[in-house]
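Notes for the one structure printed next.
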Amino acid sequence: MSAPSPALHSEAALRVAARLGLRPARANLDEFAAALLALAQANRNVLAVTSDSRGSGKLGPFGQALPCQIVEVGIAEQNLVGIAAGLASAGKTVFAVSPACFLTARAFEQVKNDVAYSGNPVVLVGISAGVSYGALGATHHSLHDFAALRAVNNLVIAAPADNFEAREAVRAAAAARRPVYLRFGKAPLYDLPGADGFAFGRARLLRAGRDAAFIATGETVIHALLAAAHLRETAGIDCRVLSLPTIKPLDAAAVLAAARECRAVLTVEEHMVHGGLGEACAALIAQSGAAPRFHIAGIPDEHIVNGSQADIFRHYGLTMEGLSATMLELLGRN
Amino acid sequence: MPTDRELARKSILYRRRLLQCIHRAGAGHTGGSLSCVDILNVLYNRILRVSPETASSPDRDRYVQSKGHSAEALFVVLADRGFFPEAELETLCRYRARLAGHPTRDVPGVEQNTGALGHGLPIAAGMAIAGKLDSAAYRVFALLGDGELAEGSNWEAAMAAAHYRLDNLTAIIDCNTLQITGRTREVMNSEPLEAKWAAFGWAVRRVPGHDLAALTAALARPLEPGKPGIVIADTIKGRGVAFMEDNARWHHGVPSDDELARALAGLDDALAELERSAA
Numbered sequence: 066m067s068a069p070s071p072a073l074h075s076e077a078a079l080r081v082a083a084r085l086g087l088r089p090a091r092a093n094l095d096e097f098a099a100a101l102l103a104l105a106q107a108n109r110n111v112l113a114v115t116s117d118s119r120g121s122g123k124l125g126p127f128g129q130a131l132p133c134q135i136v137e138v139g140i141a142e143q144n145l146v147g148i149a150a151g152l153a154s155a156g157k158t159v160f161a162v163s164p165a166c167f168l169t170a171r172a173f174e175q176v177k178n179d180v181a182y183s184g185n186p187v188v189l190v191g192i193s194a195g196v197s198y199g200a201l202g203a204t205h206h207s208l209h210d211f212a213a214l215r216a217v218n219n220l221v222i223a224a225p226a227d228n229f230e231a232r233e234a235v236r237a238a239a240a241a242r243r244p245v246y247l248r249f250g251k252a253p254l255y256d257l258p259g260a261d262g263f264a265f266g267r268a269r270l271l272r273a274g275r276d277a278a279f280i281a282t283g284e285t286v287i288h289a290l291l292a293a294a295h296l297r298e299t300a301g302i303d304c305r306v307l308s309l310p311t312i313k314p315l316d317a318a319a320v321l322a323a324a325r326e327c328r329a330v331l332t333v334e335e336h337m338v339h340g341g342l343g344e345a346c347a348a349l350i351a352q353s354g355a356a357p358r359f360h361i362a363g364i365p366d367e368h369i370v371n372g373s374q375a376d377i378f379r380h381y382g383l384t385m386e387g388l389s390a391t392m393l394e395l396l397g398r399n
Numbered sequence: 008m009p010t011d012r013e014l015a016r017k018s019i020l021y022r023r024r025l026l027q028c029i030h031r032a033g034a035g036h037t038g039g040s041l042s043c044v045d046i047l048n049v050l051y052n053r054i055l056r057v058s059p060e061t062a063s064s065p066d067r068d069r070y071v072q073s074k075g076h077s078a079e080a081l082f083v084v085l086a087d088r089g090f091f092p093e094a095e096l097e098t099l100c101r102y103r104a105r106l107a108g109h110p111t112r113d114v115p116g117v118e119q120n121t122g123a124l125g126h127g128l129p130i131a132a133g134m135a136i137a138g139k140l141d142s143a144a145y146r147v148f149a150l151l152g153d154g155e156l157a158e159g160s161n162w163e164a165a166m167a168a169a170h171y172r173l174d175n176l177t178a179i180i181d182c183n184t185l186q187i188t189g190r191t192r193e194v195m196n197s198e199p200l201e202a203k204w205a206a207f208g209w210a211v212r213r214v215p216g217h218d219l220a221a222l223t224a225a226l227a228r229p230l231e232p233g234k235p236g237i238v239i240a241d242t243i244k245g246r247g248v249a250f251m252e253d254n255a256r257w258h259h260g261v262p263s264d265d266e267l268a269r270a271l272a273g274l275d276d277a278l279a280e281l282e283r284s285a286a
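Quick look at the structure:
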């Protein structure tokens with residue numbers, strides 16, 4: 066188990082994590098690769114399809130252990146998704162693995178038509194999502210994928226926050242027999258507290274609270290959880306923290322409960338503020354008549370700053386300190 | 008197996024039917040549907056091991072119509088083969104009908120939803136890889152248009168199919184030399200097709216695309232062990248209707264009442280001629 070990158074967290078955040086008893090865990094991508102290998106070892110109809118991305122997808126051991134269950138298509142994302150659709154239509158359980166930025170943009174029409182519209186149960190696995198490739202620049206950022214894919218019907222969209230969610234999402238995706246998009250970053254993470262049990266469309270309550278609510282997804286969830294603990298310690302504010310491993314289908318009941326029971330809702334995601342988790346929650350809440358103070362934390366509509374994932378999170382306030390400050394502002398406590 | 012003459016008769020009847028459907032619907036891709044009728048006729052009446060009874064059998068052959076615009080031709084042939092009632096053809100493009108302007112899996116016998124170009128060959132390659140992994144005996148066919156070949160995804164799939172030695176995959180190019188804007192060679196030249204596909208590692212055969220015997224010979228079995236096969240079928244857009252033949256205006260032109268009557272009269276003449284020659 067590798068230690069989490071200190072660069073992801075400030076010393077203060079590390080101390081809060083320690084007080085919460087959070088245990089460092091490996092990157093979700095490693096958990097994905099292990100879960101997929103286990104599935105494929107048990108069922109020879111489980112295939113990985115990759116576009117010269119078995120290294121970055123951590124599929125090296127898979128390829129060595131099960132060379133007949135990995136299909137390499139080379140650097141060709143449209144073909145990756147088309148071939149995956151054909152394999153799925155012939156009864157295979159297919160995980161199509163490619164950097165999220167290319168998988169969801171370059172092959173968008175194949176995702177829309179060959180997978181979702183045609184109902185081929187491909188599991189699309191977007192790796193190094195969000196700003197995992199931060200310093201490589203915008204060509205390699207995937208900050209549009211929620212927005213693009215939310216507009217596609219018949220597609221589950223999942224972004225696990227910890228190894229538990231990653232493992233369960235892989236199992237659920239293989240069993241779903243419907244199109245699924247799984248989004249993974251590559252940073253080492255923490256095991257998060259919270260009730261066990263996982264299903265697409267179900268939120269995970271990581272922390273109870275009625276003053277305000279953080280609703281987060283993917284690799285930002287840990288920062289929301291730390292911010293909630295920090296706000297309790299420093300300002301006596303009790304924040305609910307919901308992890309939403311699936312942003313489609315959205316757990317409407319959990320989101321609306323937070324909106325009705327809390328004074329403020331702050332959504333958090335490693336995505337543009339347009340078209341992602343925040344706007345999904347905003348539409349739901351606005352149409353319900355609930356009216357909490359509401360803010361979407363994410364990447365603003367601008368030329369995105371360069372740097373590591375940690376640098377970019379800090380720049381845009383997606384860390385414990387930044388999210389705490391935003392929440393205080395939302396509550397009128399700054 | 009039906010004789011060439013029986014198939015020739017079917018081709019004329021298919022053309023009549025698809026023209027009537029397009030006329031009634033007020034929409035459709037007339038020219039490209041007419042050009043691929045003979046290919047579909049040979050596939051569905053001589054080559055493909057498919058039937059309504061075995062439509063979900065894992066062992067069935069697979070056909071993917073990458074040039075999904077020619078849905079009308081496919082629907083007419085599928086109805087003739089009993090996949091759905093002939094009368095349903097009257098519902099083409101109507102509100103809530105199963106038969107839309109492009110093929111969907113809602114229609115019995117249709118393997119994949121198509122319509123956007125450049126999608127069929129990668130899907131067919133995936134099906135063929137699955138067949139190889141399962142040591143299955145089924146073959147996979149994909150029908151492409153020559154204009155469609157400008158989509159780069161075709162060449163990604165062409166590379167992969169050769170790489171994986173997919174001799175259970177046969178692609179057919181309905182090479183009618185026209186696309187919506189005009190001559191394919193002027194819009195974006197896809198020739199020389201034989202050299203391109205051979206260079207990509209495919210076994211290549213070029214045939215007259217309205218010659219039922221030649222099509223049958225090219226499609227009856229894989230062209231070469233260890234290689235995917237490409238059958239370049241030289242066809243005529245609008246084939247069978249004199250005033251539509253080789254005219255880009257009929258890419259998605261819909262015949263008026265008068266034009267339909269003239270087209271059907273011409274096809275009836277062809278049918279009479281066929282029957283006279285048989286007598």
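First to last, the protein sequences are chains A and B.
Note that my numbering has the first sequence beginning at 66, numbered continuously upward.
Note that my numbering has the second sequence beginning at 8, numbered continuously upward.
Ideal Cβ placement from N, Cα and C applies to all residues, glycine included.
1. Less than 8 angstroms between CB atoms is the rule here; does R112/B satisfy it with respect to chain A?
2. Report yes if the C-beta distance between L271/B and I19/B is below 8 angstroms; otherwise report no.
3. Please state the DSSP three-state secondary structure of A390/A.
4. Rounding to the nearest angstrom, what Cα-Cα distance links F263/A and V245/A in this structure?
5. First and last residue of the beta strand (DSSP E) that includes V288/B?
6. Please state whether DSSP places Y246/A in a helix, a strand or coil.
7. For D366/A, does the count of other Cβ atoms within 10 angstroms reach 16, so buried, or fall short, so exposed?
8. Quick one: is E174/A near chain C, going by C-beta distance under 8 angstroms?
9. Could you compute how far the alpha carbon of P80/B sits from the alpha carbon of D179/A?
10. Going by alpha carbons, who is nearest to L307/A out of M337/A, G340/A, G266/A and V338/A?
11. Would you kindly work out how many angstroms separate the C-alpha atoms of F97/A and V111/A, rounded to a whole number?
12. Any beta carbon from chain B within less than 8 angstroms of D179/A's own beta carbon?
13. Can you round the beta-carbon distance between G208/B and I46/B to whole angstroms, since I take them to be within the 8 angstroms contact cut?
14. Is E118/B close to chain A? Criterion is C-beta to C-beta, closer than 8 angstroms.
15. According to DSSP, simplified to helix, strand and coil, what is G75/B?
16. Which residue's Cα is closest to the Cα of G116/B: G133/B, M251/B and V71/B?
17. Which chain A residues are close to I179/B, counting only those with a beta carbon under 9 angstroms from its beta carbon?
18. With a threshold of 8 angstroms on Cβ separation, who are the neighbours of T10/B within its own chain once the five nearest residues in sequence on each side are excluded?
19. Between L219/B and V49/B, which are expected to be in contact by the criterion C-beta below 8 angstroms, what is the C-beta distance as a whole number of angstroms?
20. Answer with buried or exposed for S116/A, where buried requires no fewer than 16 other C-beta atoms within 10 angstroms of its C-beta.
21. Which partner residues does A281/A have in the DSSP bridge list?
22. Are there 16 or more other CB atoms within 10 angstroms of the CB of C133/A, so buried, or fewer, so exposed?
23. Check for me: the beta strand (DSSP E) holding A98/A runs from which residue to which?
24. Only counting the same chain, and skipping five residues up and downstream in sequence, which positions put a Cβ closer than 6 angstroms to that of L278/B?
25. Under 8 angstroms between beta-carbons, which chain A residues line up against M134/B? List them in chain order, please.
26. Taking DSSP as the reference, what is the three-state secondary structure of S40/B?
27. Ends of the beta strand (DSSP E) at E137/A?
28. Taking the Cβ atom as the reference point for each residue, do A362/A and L396/A lie within a distance shorter than 8 angstroms?
29. Compare the beta carbon distance of N219/A and A181/A with 8 angstroms and say whether it is the shorter of the two.
30. What is the rounded straight-line gap between the Cα of V31/A and the Cα of I280/A?
31. Measure from the alpha carbon of N93/A to the alpha carbon of each residue in G250/A, V176/A, L104/A and A83/A, then state which is nearest.
32. From A355/A, E335/A, A375/A and G301/A, pick the residue whose C-alpha is nearest to that of L393/A; which is it?
33. Cβ closer than 8 angstroms: which chain B residues qualify as neighbours of G259/A?
34. When DSSP labels each residue in this structure, what does G154/B get in the three-state scheme?
35. For A390/A and T282/A, I'd like the C-alpha separation in whole angstroms.
Answer, in terms of the structure:
1. Reading the second sequence from its first residue, position 105 is the one you call residue 112/B. Chain A, which has a Cβ nearer than 8 angstroms to the Cβ of R112/B, makes this yes.
2. Within the second sequence, numbered from 1, the residue matching residue 271/B stands at position 264. Within the second sequence, numbered from 1, the residue matching residue 19/B stands at position 12. Their beta carbons are not under 8 angstroms apart, which means L271/B does not touch I19/B by this criterion.
3. Here the question's residue 390/A lines up with position 325 in the first sequence. A390/A falls in the helix class under three-state DSSP.
4. Taking the first sequence and counting its residues from 1, one reaches residue 263/A at position 198. Taking the first sequence and counting its residues from 1, one reaches residue 245/A at position 180. Roughly 15 angstroms separates the two Cα atoms.
5. Because chain B spans 8 through 286 in this model, residue 288/B falls outside it and cannot be assessed.
6. Position 181 of the first sequence, counted from the first residue, corresponds to residue 246/A. Looking at Y246/A - three-state DSSP - the assignment turns out to be strand.
7. The residue labelled residue 366/A in the question sits at position 301 within the first sequence. Classification for D366/A: exposed.
8. In summary, chain C is missing from the structure at hand, where the protein chains are A and B.
9. Reading the second sequence from its first residue, position 73 is the one you call residue 80/B. Reading the first sequence from its first residue, position 114 is the one you call residue 179/A. What sits at residue 80/B in the sequence shown is Ala, not Pro. Cα to Cα, A80/B sits roughly 21 angstroms from D179/A.
10. Residue mapping note: residue 307/A aligns to position 242 of the first sequence, counting from 1. Out of M337/A, G340/A, G266/A and V338/A, G266/A has the C-alpha closest to the C-alpha of L307/A.
11. Within the first sequence, residue 97/A is the residue found at index 32, counting from 1. Within the first sequence, residue 111/A is the residue found at index 46, counting from 1. Each residue's Cα considered, the two are about 14 angstroms apart.
12. Walking along the first sequence from the start, residue 179/A turns up at place 114. Under the Cβ distance rule, D179/A counts among the residues neighbouring chain B, one pair being separated by less than 8 angstroms.
13. On the second sequence, residue 208/B is found 201 positions in, with the first residue counted as 1. On the second sequence, residue 46/B is found 39 positions in, with the first residue counted as 1. About 23 angstroms; that fails the 8 angstroms criterion.
14. As a position in the second sequence, residue 118/B is number 111, starting the count at 1. Judged by the 8 angstroms Cβ criterion, E118/B is in contact with chain A.
15. As a working mapping, residue 75/B is identified with position 68 in the second sequence. In the structure shown, G75/B sits in a helix (DSSP, three-state: H, G or I).
16. Taking the second sequence and counting its residues from 1, one reaches residue 116/B at position 109. Among G133/B, M251/B and V71/B, the Cα nearest to that of G116/B is on V71/B.
17. Sequence index remark: in the second sequence, residue 179/B carries index 172 (1-based). Chain A residues near I179/B: none, gap ~17 angstroms exceeds 9 angstroms.
18. On the second sequence, position 3 is the one that residue 10/B refers to. Closer than 8 angstroms at Cβ, skipping near neighbours: no residue.
19. Here residue 219/B is taken as the residue at index 212 of the second sequence, counted from 1. Here residue 49/B is taken as the residue at index 42 of the second sequence, counted from 1. With a Cβ gap of about 6 angstroms, L219/B and V49/B count as contacting.
20. As a working mapping, residue 116/A is identified with position 51 in the first sequence. That one is buried.
21. What you label residue 281/A is simply residue 216 of the first sequence in a count that begins at 1. In DSSP, A281/A forms a bridge with S308/A and V333/A.
22. In the first sequence, counting from the first residue as 1, residue 133/A sits at position 68. C133/A is exposed by the Cβ-count criterion.
23. Working through the first sequence from its first residue, we reach residue 98/A at position 33. Taken as a continuous stretch (DSSP letters only), A98/A belongs to no beta strand (DSSP E), being part of the alpha helix (DSSP H) at N93 to A107.
24. Taking the first residue of the second sequence as 1, we reach residue 278/B at position 271. Once the five neighbours on either side are set aside, the close Cβ partners of L278/B are I19.
25. Residue 134/B sits at position 127 when you count from the first residue of the second sequence. Correct list: G151, L152, S154 and A155.
26. Position 33 of the second sequence, counted from the start, is the residue given in the question as residue 40/B. Three-state DSSP puts S40/B in a helix.
27. Within the first sequence, residue 137/A is the residue found at index 72, counting from 1. Counting along the chain, the beta strand (DSSP E) containing E137/A begins and ends at I135 to E137.
28. The count along the first sequence starts at 1 and reaches residue 362/A at position 297. The count along the first sequence starts at 1 and reaches residue 396/A at position 331. No, the pair does not count as a contact, with Cβ atoms beyond the cut-off.
29. As a first step, residue 219/A is located in the first sequence; it is residue number 154 there, counting from the start. As a first step, residue 181/A is located in the first sequence; it is residue number 116 there, counting from the start. Against a cut-off of 8 angstroms, the Cβ pair of A181/A and N219/A comes out as a contact.
30. Residue 31/A falls outside the range modelled here, since chain A spans only 66 to 399, and no answer is possible.
31. Taking the first residue of the first sequence as position 1, residue 93/A is located at position 28. Of the candidates G250/A, V176/A, L104/A and A83/A, the one whose C-alpha sits nearest the C-alpha of N93/A is G250/A.
32. Within the first sequence, numbered from 1, the residue matching residue 393/A stands at position 328. When only C-alpha atoms are compared, the closest one is G301/A.
33. On the first sequence, position 194 is the one that residue 259/A refers to. Those within 8 angstroms of G259/A in chain B number zero; the least Cβ separation is about 38 angstroms.
34. Taking the first residue of the second sequence as 1, we reach residue 154/B at position 147. It is helical.
35. Your numbering for residue 390/A matches position 325 in the first sequence. Your numbering for residue 282/A matches position 217 in the first sequence. Cα to Cα, the separation comes out at about 19 angstroms.
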